[in-house]
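Quick note on the working numbering: the sequence shown kicks off at 1 and runs consecutively. Below: one structure, written as C-alpha cells.
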Amino acid sequence: YYDLKLNAQFVEVKLSNKDFELPGDFTPAKTLSLDELKELFPIENFQFEGLVVVEVNDVTQEQVIVEIKTALFNVNSFSDVGIYDRLQEHVQSLIGLKNVNIGITPFFKLNDCYLYTEALYKNSILFKNEEVLSERNQVGQICDELFEYPTQPVLYEILNEASTISNKLLKYYFDYGARSLMLCPLKTDEGKLVGLLEIVSSKQGQLQLQHLAKLQPAIQLFALALDKSGESLELQIDKMIKEHFTAVQPVVEWKFTEAAFSYLEYRRTSEQAKMPHISFEDVYPLYAAIDIRNSSTERSQAIQMDLLEQLNSAKDVLRKAAKIIRFPLLDETRFRTEKFIESVTDTLLSDDELVIYDFLQNDLDSLLKSLTEKCPELKTRINEYFSKLDPQRGVVYHHRKNYEESITRINDVLDRFIDNEQVEAQKIYPHYFERYLTDGIEFNIYIGQSLSPHHSFTEMYVRNLKLWQLNLLAKAARITHTMEKRLALPLQTTQLILAHSVPLTISFRRKERKFDVDGAYNIRYEIIKKRIDKVHLKNSEERLTQPGKIAIVYSQHRELEEYLEFIEYLQHEKLLGNELEHLDLEDTQGISGLKAVRVNVLLQTETSSQKPELSKTTSQQLLRK
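Put into C-alpha cells, the structure is as follows:
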C-alpha cells in the first residue's frame, strides 16, 4: 500500500483560448464537484506549465493494521473460515512474507476448564496435531505456565529437534512442520491468557526480529477480539440458560452451562438440535417442613368470623329499613341474609363462601345504595355498614387480615433465618438447596459427588447436613414460639424431617423448571413426602406433627440410630428435651411400614449462653468425629 501526495505549487495555469470568458459570479467554495468544474471550466481552454512533485510513501503497515482492526471488529467467531483467510492475508502483508501460515488458538474456559471443540479450534495450528487433541488438558496447562509472565511474543528463528527437548509445546509445532515459529500470547488488560497468535514457516530462519517488530502493533487487536469473542460465547450460554431453564444455583450452574454450550455446538450442524438432559446420580436427599399448625382451620375460622360480622351488620341495617319503608325485595334480602348467617355458623363450605360473597358484593350492595337514595334517614346507618368494609376488597376483612399477616410474618422471619444459616451450610459442602413457601416452609437438600465433581465427597458431609437440618428445625421452633404472643393471630408451628439414607437420581424438568427424582423406587420417596405432613399415629386420631416438637419419619433402623445420636447431642446442647417418643404410623395409600421418633424442643433457654451457634457447632462437632 502506497500513499501519493501531489505538490503543484510549481505549476502555472494559463488561458489558452482568448475567446473564453471566466464566469463572473463563481466562487471556489461554491462547489467541489469535478463534473461541475469541468462544465464551468472546460479543460481545453487552459494550459498548464511547470513542475509537479509526486511524493510516494509506503503505508502498508498502517493500512493493514486498519484492515485487521476492521476485520476483527466484525468477527463473531474465530471459527469463521472467511474471516480467518482475510486475517491471514493481512498478517502476510504486514510482515511482508507470503509463504507463512497463521493460526489462532483460543483458550476459553467453561466451569474453570478449557473448552475444546472443533468449531473453536478450526483455525488453530496447535490443535491440528492429533497428539494435542488427545492431551488437550495438559496442553492448556503448559500454555498457562509458559506464558504466565511473558507478555511479549516469543520468536524461534530456527526450530529443530534439539529445540523441542526442553519444551513439549515446541515439539507439537515441530511435528506439524514448523521450522521457524513466532508465538504471541494474547492477554486481556487484567493479564488473563485468552489465546495464542501463531505464525509458522516451513523454512528455517525465515521469521526474524524485524517481522516481530512489524507484527507488534496488531497483537493487542487480536487479544481484544478474542476476549470479545469469549464474552459473546458467555452471553449466548447465559441466554440459553435463561431461555430453557431458570435462575440456577451456583452448585449446579456448571452443569447448565455445559448443557447450554453443547446445545449451541449441536445447533451449528443440526436444525433438530435439542437441549441435553440434565441429571445428577447418587445424590442424598434431605427433606424438612415447618408447617403452620391447623392453618386451613384457622383460615376457615377467620373467613367465618368476617362473614358473620358483615352479615350481622347487614341484618341490622335491613331490620331498621323494614320499619321505615315497604319494599318487597327488602324482606327477601333480609331472609337470605338470615339464612346465610345460619349456614356460616354451622359449617362453611367453599361453594357457600363464593355464593355469600357474590350476594354481599352484588345484591346487597345494590340494594343498600338504592335505600340510601330512597330513605335519607337510613344514610347514616348504611354508611356505618360500608365503613366496616375493606376499601379494596369490598368485604369485612378484619380476621382474615390478621390470619394472613401472621402467616406472612412467620414465613418472612423463617425465610431470612434459613437463608442466613444456608450461607454457613454451603461452607460444609456445596449442595443444592430449594425451599417452597406455603402455609409454612418446605425445603429440599441434595448432596453428592455428581453435584460438585471438583470437591472430594464422603458420607460424613451428609451426616453433617443432617445434624445442621435438625439444629435448624429446633431453632425455628424456638423462633416461632417467641413470636407467638406478638402476632395478630397467635399461630403455632410443627417441624418434620423425612430420613432417607439411600442415594437417588434427580433430573431437571424443563416445563416445571425444577428438579425431580427419577426411577420407580425413587418416586416412592416423593410420594412419602406428600403423605407424611398430615399422617396419624397407628390406630389413633392423633397427628404425628405437634407444636413444639420435631417429628422424624424413617423406614430403616439404621436411619433411626443416626438421628438418635444427633438428638442426644442436641439434648446436651439444651436445644431438645427428654420427651422422646417411638411411634408407628398409619398406612396410607401405597405406603406402609413407616415409623417415627418425636422429640420436644426446649422452647425457653435457661441462659443466653446456652444458645449454640447453629452452623459452626454443627461442622465442628462432626469434623471432630
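For each residue, glycine too, the CB sits at the ideal point set by N, CA and C.
query, result
"Inter-residue Cα distance where the pair is Gln61 and Val251", "50 Å"
"Close-in-space but distant-in-sequence residues of the same chain around Gly177 (CB under 7 Å, 5 per side omitted)", "Ser202"
"N- and C-terminal bounds of the beta strand (DSSP E) containing Phe443", "440-447"
"Contained alpha helix (DSSP H) runs [length at least 4] in the stretch 283-353, N- to C-terminal order", "295-324, 328-346"
"Identity of the residues DSSP links to Cys184 by a beta bridge", "Leu197"
"Buried versus exposed, by CB contacts within 10 Å (16 or more), Pro430", "buried"
"Own chain residues within Cβ distance below 7 Å of Ala499, not counting five before or after", "Ile552, Val553, Tyr554, Glu559, Tyr563"
"Beta-carbon proximity of Leu465 to Ile407, cut-off 9 Å", "no"
"Burial state of Asn7 (16 or more Cβ within 10 Å)", "exposed"
"First through last residue of the alpha helix (DSSP H) which encompasses Ala477", "459-483"
"Under the three-state DSSP convention, the category Ser366 falls into", "helix"
"DSSP-derived helix/strand/coil call for Thr588", "strand"
"Residues bridged to Asp516 [DSSP beta-bridge criterion]", "Ser507"
"Bridge partners - Ile104, DSSP secondary structure assignment", "Leu197"
"Span of the beta strand (DSSP E) around Glu12", "2-15"
"Alpha-carbon spacing of Leu575 relative to Leu603, whole angstroms", "8 Å"
"Proximity to Leu186 [Cα-Cα], best of Arg293, Gln220, Asn600", "Gln220"
"CA nearest to the CA of Arg336, picked from Asp351, Ile324, Asn312", "Asn312"
"Distance CB(Ala302)-CB(Leu496) smaller than 9 Å", "no"
"Near the ligand ZN: Val396 beta-carbon under 8 Å from a heavy atom", "Of ligands this structure carries none, so the ligand ZN is not represented either."
"Segment limits, beta strand (DSSP E) that includes Val597", "595-601"
"Pairwise C-alpha distance: Asp306 and Phe340", "13 Å"
"First through last residue of the alpha helix (DSSP H) which encompasses Phe386", "379-387"
"Inter-residue spacing [alpha-carbon to alpha-carbon] between Asn167 and Phe108", "23 Å"
"Under 9 Å between C-beta atoms of Ile479 and Val413", "yes"
"Run of the alpha helix (DSSP H) containing Asp35, from where it starts to where it stops", "34-40"
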